[in-house]
Structure formats: C-alpha cells, structure tokens
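Chemist: Input: one structure, supplied below.
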Amino acid sequence: MASPFTSLSCVVRHDNARVLSWTMKPGVDYPANFILRVENSRAGGPWELLADNVQDYCCYVDNRRRNYNKRLNECYRLRMILPDSNEEFVSDIVDAGNHKAYPYSADAENILKNIEAAIKVSGCTGRLLKKRIWGVRCPLCTDFANQATVNEHCPRCLGTGIDGGYFPGIDLDIIKDQIQVSESPSELGYLQGETVQARCIAYPWVSKGDVWVEDITNNRYVIAAATPSSSYKQTHLVYTLQMHKVELADVLHTNPANNLVAMKTGTWEDGKLPPELPDDTNPNRRPNAWDDVLSGL
Ligand SMILES: [Zn+2]
Numbered sequence: 002m003a004s005p006f007t008s009l010s011c012v013v014r015h016d017n018a019r020v021l022s023w024t025m026k027p028g029v030d031y032p033a034n035f036i037l038r039v040e041n042s043r044a045g046g047p048w049e050l051l052a053d054n055v056q057d058y059c060c061y062v063d064n065r066r067r068n069y070n071k072r073l074n075e076c077y078r079l080r081m082i083l084p085d086s087n088e089e090f091v092s093d094i095v096d097a098g099n100h101k102a103y104p105y106s107a108d109a110e111n112i113l114k115n116i117e118a119a120i121k122v123s124g125c126t127g128r129l130l131k132k133r134i135w136g137v138r139c140p141l142c143t144d145f146a147n148q149a150t151v152n153e154h155c156p157r158c159l160g161t162g163i164d165g166g167y168f169p170g171i172d173l174d175i176i177k178d179q180i181q182v183s184e185s186p187s188e189l190g191y192l193q194g195e196t197v198q199a200r201c202i203a204y205p206w207v208s209k210g211d212v213w214v215e216d217i218t219n220n221r222y223v224i225a226a227a228t229p230s231s232s233y234k235q236t237h238l239v240y241t242l243q244m245h246k247v248e249l250a251d252v253l254h255t256n257p258a259n260n261l262v263a264m265k266t267g268t269w270e271d272g273k274l275p276p277e278l279p280d281d282t283n284p285n286r287r288p289n290a291w292d293d294v295l296s297g298l
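Numbered according to the working numbering, the sequence shown terminates at residue 298, and the numbering increases by one at each position without gaps.
As structure tokens, this is what we get:
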C-alpha cells in the first residue's frame, strides 16, 4: 500500500485552538483495523502522540490550554498504522503558524455577523453528516471482484460503499431562501420532491454528497451543490446550498443514519480523544461559528 494521505490543513481559531482537517485517498482498500493518529511537536521538539484512534473522523480540534507563549509555533502530522503488515505511513507536516490569529478583517466579520443574525431570526437548526470518501470498504455490499459498491440501499454503508457511510454529525444551521416542491407520477402514486436553496456559514466545510438533517422535522437532504457566495481573499465565508429532500423510504432514514445524527458535533469542537462520544452538555459547543472561519483568514 502506498501512502494514503492527500491533504492536511490547520487553521488557528480565535481562541487559539488549532483545527486540523484532512483527506485521504479514495478508492484504496484500507484494512479494517487500520489506526490513525495525530502527532504534534513544538518548534524543534520531539514528536508526541496527541490523539489516538481518529480513523473515524476527518478533523481534530487541538484546544489544549496554552498558558505559556500563545503564539508559539507548532507542527502536526498524521500517522497511519497497519497492524497486520506492520506498515506505517506518515503524512506531510503542517505548520500551525502564528500569523493567522487575530487581528482579522472587520468586513469579513460583518458579513458573517449578518448571516448569523439572519439564521438566528429565521434559520433552521440541524446537523451535517459529512460523506465518507475514504475508509474501509463496506464488507456487506462490496463486490470484491471488481471493487464496486453493489447496493445503494445498503444498511451498513448507507450506499456509499465505505463502512459507516458518513462521519458523525456536526452542528450546522442554515437559512432557507427558496423551497420548490414538485410532484411526479410513479408506480407508487404521486411522489413529492422538495428542493431547497439555502445559505450557511462556510464552516464546517460542506461538500456535494453530504447530508443535512433538520432538527425539527427530522427531514434529510442530500447536498447537490455548495457554492461559495461570499468570500474574503481565499477564505469562503458563506455557502449557497442546493439540496434535495430524501424520501422516507431511503436508507438515510434508518437507524445507522439516526445514530450518526444523534452523535452530533463529532469532534470538530471537542479536544478530547475522539472515541469518547461528545455529550450534549459539552461547554465547548461553539458560540459563534464565524469565529472559526475568521481564524483562517
Ligand atoms: Zn454497504
């Protein structure tokens, strides 16, 4: 197996926490027991284990308290361990840097404050399930002869072909701008389709294929497009989303998907070791989503 890592990035957040996020190669046959770790080193220091068993996550928030030099530079990298073959892979090193922290642009802050206020007044709360594009192939429905997914209704991978299907839910509130309802005849009678155009703050990062779950109605929507509608320099501030409502009979309404929704907030905000499920009373729940965007400017 070749190195599975494709990207690792780090932004420094307003409270000086470091948000790491990564992608790995899709289409690779990852062994079921692979281990993924986050390692950390202060400038010039030795590498130390920061978090173990992050294989079921696509990000990690390092929010350890820094009582010493808050602008101290640090580096991060990922390590993948394959216990069966004793192979190990190390990602590129990412430098947390110290140039990205405050101060930031007042214009960008205003854009984000405005949409946050709009969401507060007339928005909808919900969760984002990020689709897995890498990981262990689903043992239930993968055709191992040609490595293709054979069941789009699979209860184990929810049709994604990757075991688990989606990462645990992350809080994401949106404001709906347009709702289009259409009806079309089918063998089961008239089916109602719903397409929603919405806006949200561009954090966490939303991709085509992710699923958004509305709190109040428990409706589920597949993201068909996430287009940046407002940016500052290279940083996206606001997304316009196009999303399609999922039918009740869909596998995204079954218990494996419900469990992912219930796990909410994943570890985007949680500096604890990922295997501990975050609880609802987590005091670290983000106060302002836009702080996270701004910290990347
Ligand atoms: Zn499957």
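Glycine is no exception: its CB is placed at the ideal position from the N, C-alpha and C atoms.
To the nearest angstrom, how far is the alpha carbon of Arg200 from that of Asp93?
Modeler: Within the sequence shown, the letter at position 199 stands for residue 200. Within the sequence shown, the letter at position 92 stands for residue 93. Roughly 34 Å separates the two Cα atoms.
Chemist: Does ligand 1 have a heavy atom nearer than 7 Å to the CB of Gly28?
Modeler: In the sequence shown, residue 28 corresponds to position 27, counting from 1. No; taking the cut-off as 7 Å, the Cβ of Gly28 has no heavy atom of ligand 1 nearer than that.
Chemist: Where does His154 land, buried or exposed, given buried means 16+ other C-beta within 10 angstroms?
Modeler: The count along the sequence shown starts at 1 and reaches residue 154 at position 153. Exposed, by the Cβ-count rule.
Chemist: Rounded to a whole number of angstroms, what is the C-alpha to C-alpha distance between Ile202 and Ala52?
Modeler: Along the sequence shown, one-based indexing puts residue 202 at 201. Along the sequence shown, one-based indexing puts residue 52 at 51. Near 28 Å, if we compare the C-alpha coordinates of Ala52 and Ile202.
Chemist: Just to confirm, are Ala225 and Tyr240 a CB contact at a threshold of 8 Å?
Modeler: As a working mapping, residue 225 is identified with position 224 in the sequence shown. As a working mapping, residue 240 is identified with position 239 in the sequence shown. Not a contact, by the Cβ cut-off of 8 Å.
Chemist: Is it the case that the CB of Leu141 approaches a heavy atom of ligand 1 more closely than 7 Å?
Modeler: If you number the sequence shown from 1, residue 141 lands on position 140. Yes, the Cβ of Leu141 comes within 7 Å of a heavy atom of ligand 1.
Chemist: Look at the Cβ atom of Phe168, then the Cβ atom of Tyr58, and state whether they are nearer than 8 Å.
Modeler: Within the sequence shown, the letter at position 167 stands for residue 168. Within the sequence shown, the letter at position 57 stands for residue 58. Yes, they are a contact pair.
Chemist: Hey, could you find the ends of the beta strand (DSSP E) Lys246 is sitting in?
Modeler: Position 245 of the sequence shown, counted from the start, is the residue given in the question as residue 246. Here the beta strand (DSSP E) through Lys246 covers 236-246.
Chemist: Tell me the residue span of the alpha helix (DSSP H) that contains Asp108.
Modeler: On the sequence shown, residue 108 is found 107 positions in, with the first residue counted as 1. 107-123 is the extent of the alpha helix (DSSP H) around Asp108.
Chemist: How many Å lie between Tyr61 and Asp164 at the Cα?
Modeler: Translated into positions along the sequence shown, residue 61 becomes position 60. Translated into positions along the sequence shown, residue 164 becomes position 163. Roughly 20 Å separates the two Cα atoms.
Chemist: When DSSP builds the beta bridges, which residues end up paired with Val20?
Modeler: Position 19 of the sequence shown holds residue 20. For Val20, which the question treats as bridged, DSSP gives the partners Val12, Val62.
Chemist: Out of curiosity, what's the CA-to-CA distance linking Val39 and Leu21?
Modeler: Stepping through the sequence shown from its first residue, residue 39 is reached at position 38. Stepping through the sequence shown from its first residue, residue 21 is reached at position 20. Taking the straight line from one Cα to the other gives about 9 Å.
Chemist: Check whether the Cβ of Arg157 lies closer than 7 Å to any heavy atom of ligand 1, and answer yes or no.
Modeler: Here the question's residue 157 lines up with position 156 in the sequence shown. Arg157: yes, Cβ under 7 Å from ligand 1.
Chemist: Any beta-carbon of chain D closer than 8 Å to the one on Thr218?
Modeler: Protein chain content of the structure displayed is limited to a single chain, and chain D is not contained in it.
Chemist: For ligand 1, is there any heavy atom lying closer than 7 Å to the beta carbon of Asn152?
Modeler: One-based indexing of the sequence shown puts residue 152 at position 151. Yes, since a heavy atom of ligand 1 falls inside the 7 Å radius drawn around the Cβ of Asn152.
Chemist: Thinking C-alpha only, which one of Leu37, Ala97, Leu50, Ala119 is nearest Ile82?
Modeler: In the sequence shown, counting from the first residue as 1, residue 82 sits at position 81. For the residues Leu37, Ala97, Leu50, Ala119, the minimum Cα distance to Ile82 belongs to Leu37.
Chemist: By DSSP, does Val1 sit in helix, in strand, or in coil?
Modeler: Residue 1 falls outside the range modelled here, since the chain spans only 2 to 298, and no answer is possible.
Chemist: Quick check on Glu75: buried or exposed, where buried means 16 or more other Cβ atoms within 10 Å of its Cβ?
Modeler: The residue labelled residue 75 in the question sits at position 74 within the sequence shown. Under this definition Glu75 is a buried residue.
Chemist: What residue from Ala18, Val182, Lys234, Gln243 has the CA that sits closest to Ala97's CA?
Modeler: Against the sequence shown, residue 97 aligns to sequence position 96. Out of Ala18, Val182, Lys234, Gln243, Ala18 has the C-alpha closest to the C-alpha of Ala97.
Chemist: Evaluate Leu192 with the Cβ neighbour count: other Cβ atoms within 10 Å of its Cβ, from every protein chain shown; 16 or more gives buried, anything less gives exposed.
Modeler: Locating residue 192 in the sequence shown gives position 191, where the first residue counts as 1. That one is exposed.
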